[in-house]
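First up is the structure itself, then whatever we jot down about it.
Numbering (my numbering), first residue to last: 24 to 202.
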């Protein structure tokens, strides 16, 4: 190989590496870990995910522990909000009263009525929007094993992976949220 061929090869490799690094720098990504399976936790995660996707962020939601309820076919339309230990409720409810039978149902109905009044999409609708927008949804394999959740119980569009899968994505993301 002569000097000109070596210089040409070096130029090609440098150019390819620069293009690769520029593409990586331009890629913007966000991850969300959803650990809670309640109505008041599912909404922020899915609204942020769909908004991120609409803003051209590569968006991933990692569902772990009770967050798996949000993507379970039998539970996603039945998520609740508990007044117990929830001091941010618009109508403050002392914990002792929040523990009374029917208070969780009342708080859930109240929140659902506010969401409906403002024409906010339901959790299943937000999941559909996320899927259509290209949001990657990952169910935690270890949590599924621990809690006895089968793949068939989850929505079809879900991927299954563990902490290493999430970390592989999160280490490349500019935004990482824990809900």
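Backbone N, C-alpha and C define an ideal beta-carbon position, used for all residues, glycine too.
Between the alpha carbons of residue i and residue j, how many angstroms are there, rounded?
i, j, result
"residue 148", "residue 42", "39 Å"
"residue 202", "residue 55", "7 Å"
"residue 153", "residue 28", "50 Å"
"residue 51", "residue 198", "9 Å"
"residue 87", "residue 142", "28 Å"
"residue 167", "residue 57", "14 Å"
"residue 39", "residue 84", "32 Å"
"residue 169", "residue 31", "56 Å"
"residue 194", "residue 165", "20 Å"
"residue 36", "residue 187", "31 Å"
"residue 135", "residue 144", "10 Å"
"residue 124", "residue 77", "41 Å"
Just to check my reading of the structure: residue i and residue j have Cβ atoms closer than 8 Å, yes? What is that Cβ distance to the nearest angstrom?
i, j, result
"residue 60", "residue 100", "At roughly 12 Å, the Cβ-Cβ gap does not stay under 8 Å, so residue 60 and residue 100 are not in contact."
"residue 93", "residue 146", "7 Å"
"residue 159", "residue 179", "The pair is not a contact, with the Cβ atoms about 14 Å apart (cut-off 8 Å)."
"residue 73", "residue 156", "6 Å"
"residue 62", "residue 131", "6 Å"
So, residue i versus residue j, is the Cβ gap smaller than 9 Å?
i, j, result
"residue 163", "residue 191", "no"
"residue 81", "residue 196", "yes"
"residue 150", "residue 71", "no"
"residue 138", "residue 189", "no"
Taking 6 Å as the limit between beta carbons, can you name the residues of its chain near residue i, skipping five residues before and five after?
i, result
"residue 127", "103 and 105"
"residue 200", "55"
Can you check DSSP and say which residues form a bridge with residue i?
i, result
"residue 159", "83"
"residue 52", "81"
"residue 199", "54"
"residue 95", "177"
"residue 172", "DSSP lists no partner for residue 172."
Once you ignore the five residues that flank residue i on each side, which residues in its own chain have a CB closer than 8 Å to its CB?
i, result
"residue 176", "95, 96 and 97"
For residue i, which residues in the same chain have their Cβ closer than 7 Å to its Cβ, ignoring the five residues on either side in sequence?
i, result
"residue 75", "53 and 82"
"residue 140", "none"
"residue 174", "183"
"residue 24", "none"
Closer than 9 Å, CB to CB, is residue i near chain D or not?
i, result
"residue 38", "Here there is only one protein chain, and chain D is not present."
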